[in-house]
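Sequential numbering of the sequence shown, starting at 127, is according to the working numbering.
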Amino acid sequence: MIIQDKVIVITGGASGLGLATARYMANEKGARVAIFDMNAEAGHAAAADIGERAMFVETDVSNDESVRAAVEAVVATFGTIHVCINAAGLAGPSKVLGKDGKATSLARFAQTIAVNLTGVFNVMSKCAEQMATNEPEAGEERGVVINISSGAAFEGSIGQCAYAASKAALLGLNMPAARELGAVGVRVNAIAPGLFMTPMVNELEEKVVASLLTVVEAPKRLGDMREFAHCCAFIIENAYLNAETIRLDAASRLRAR
Ligand SMILES: NC(=O)c1ccc[n+]([C@@H]2O[C@H](COP(=O)([O-])OP(=O)(O)OC[C@H]3O[C@@H](n4cnc5c(N)ncnc54)[C@H](O)[C@@H]3O)[C@@H](O)[C@H]2O)c1
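Printed below as a string of structure tokens:
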């Protein structure tokens with residue numbers, strides 16, 4: 127799919143990888159971007175910074191009505207939706223047992239699943255409903271979905287039970303969704319990033335970053351957020367890529383702790 131002038135929904139677009147992707151798609155690829163995020167202050171600032179090619183809708187991806195209203199707002203402003211990039215996510219640390227040996231709170235586990243897994247399905251399904259109404263590009267493509275997983279989907283560290291399970295579930299979602307939505311010309315892929323230089327990482331002490339870097343093989347550095355955005359562009363532009371998960375991680379593998 128050609129990105130120029132397409133409408134791209136980016137959840138979690140007020141910060142980190144989502145924000146870098148919103149900037150890249152609007153400023154360098156000529157897309158119109160709709161940022162869905164819970165953080166209204168950062169979301170409005172991001173859209174204002176990008177300019178007329180961007181809009182912000184305060185959205186809770188885990189809420190049915192909130193996402194329905196957000197999708198309606200995008201269609202009212204930009205006419206339709208061609209691409210959906212699901213980058214909203216919670217780290218939500220969770221172990222099986224707490225320090226006291228007691229079972230971890232179910233509510234904490236459920237919250238991470240609600241945002242990282244149910245939230246992705248919520249936004250993907252409502253965007254796909256709209257994508258299915260698009261005129262097909264080159265006779266075959268109406269839309270593209272990109273779900274952001276994590277290296278933790280493969281090698282979760284201790285304390286990442288909910289996070290790793292939610293991110294692994296996105297890999298399972300790829301195939302049935304791609305098979306079903308293929309009928310309406312929508313592709314579904316995932317990216318499993320390694321460690322990226324997001325604002326959160328930027329604030330860490332040098333020695334913490336050095337310790338994170340020990341799991342990165344080559345090149346021996348954190349990922350640049352533009353490299354992530356570029357990977358999203360590749361997925362959108364390559365019409366033959368479907369139901370695939372791209373590990374974008376310089377061959378890094380998380381340790382147990
Ligand atoms: N940063 C990394 O190195 C890295 C590595 C692997 C995977 N990931 C994944 O990439 C995605 C982006 O990560 P990031 O580091 O840019 O995160 P981030 O914390 O900078 O941004 C996440 C955004 O999601 C938003 N959000 C959280 N809950 C939401 C909800 N219910 N509804 C709407 N918005 C919500 C937050 O407000 C925030 O703006 C996440 O899914 C994360 O798990 C990141």
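Quick reminder that beta carbons are idealized off the backbone N, C-alpha and C, glycines included. A quick note: this is a predicted structure, and the numbers were derived from the prediction, not measured.
query, result
"Bounding residues of the beta strand (DSSP E) (the contiguous stretch that carries valine 222)", "Premise fails: valine 222 is in no beta strand (DSSP E) and is neither H nor E."
"For arginine 194 and alanine 168, the rounded distance between their alpha carbons", "21 Å"
"Where glycine 218 falls: helix, strand or coil (DSSP)", "coil"
"Contiguous alpha helix (DSSP H) assignments of at least 4 residues, all confined to the region 142 to 219", "142 to 149, 166 to 176, 190 to 204"
"Coarse secondary structure for leucine 321, derived from DSSP in three states", "coil"
"Neighbour-count burial assignment, lysine 225, 16 or more Cβ in a 10 Å radius", "exposed"
"Straight-line Cα distance separating glycine 218 from glutamate 191", "24 Å"
"Contacting residues, own chain, Cβ-Cβ under 7 Å from lysine 346 (five flanking each side not counted)", "Leu339"
"Whole beta strand (DSSP E) elements within the region 326 to 367, 3-residue minimum", "none"
"Beta-bridge partners of arginine 268, as assigned by DSSP", "Answer by DSSP bridge pairing: none, since arginine 268 is not bridged."
"Serine 141: CB within 6 Å of a non-hydrogen atom of ligand 1", "yes"
"Contact test: aspartate 186 Cβ vs ligand 1 heavy atom, cutoff 6 Å", "yes"
"Inter-residue Cα distance where the pair is glutamate 178 and glutamate 263", "25 Å"
"Limits of the beta strand (DSSP E) - the one that valine 373 falls within", "Checking the sequence, you will find arginine at residue 373 rather than valine. 371 to 374 is the extent of the beta strand (DSSP E) around arginine 373."
"Valine 241 CB to nearest heavy atom of ligand 1 below 6 Å", "yes"
"For alanine 199 and phenylalanine 360, the rounded distance between their alpha carbons", "27 Å"
"Closest by C-alpha distance to methionine 326, when choosing among Gly282, Asn364, Ser141, Leu243", "Ser141"
"Beta carbon of methionine 99 nearer than 7 Å to that of valine 271", "This structure cannot settle anything about residue 99, because the visible part of the chain is limited to 127 through 383."
"Given 8 Å, three or more beta-carbon pairs between the region 316 to 335 and the region 272 to 280", "yes"
"Cα-Cα separation, valine 310 to leucine 367", "16 Å"
"beta-carbon glycine 285 near ligand 1 non-hydrogen atom, thresh 6 Å", "no"
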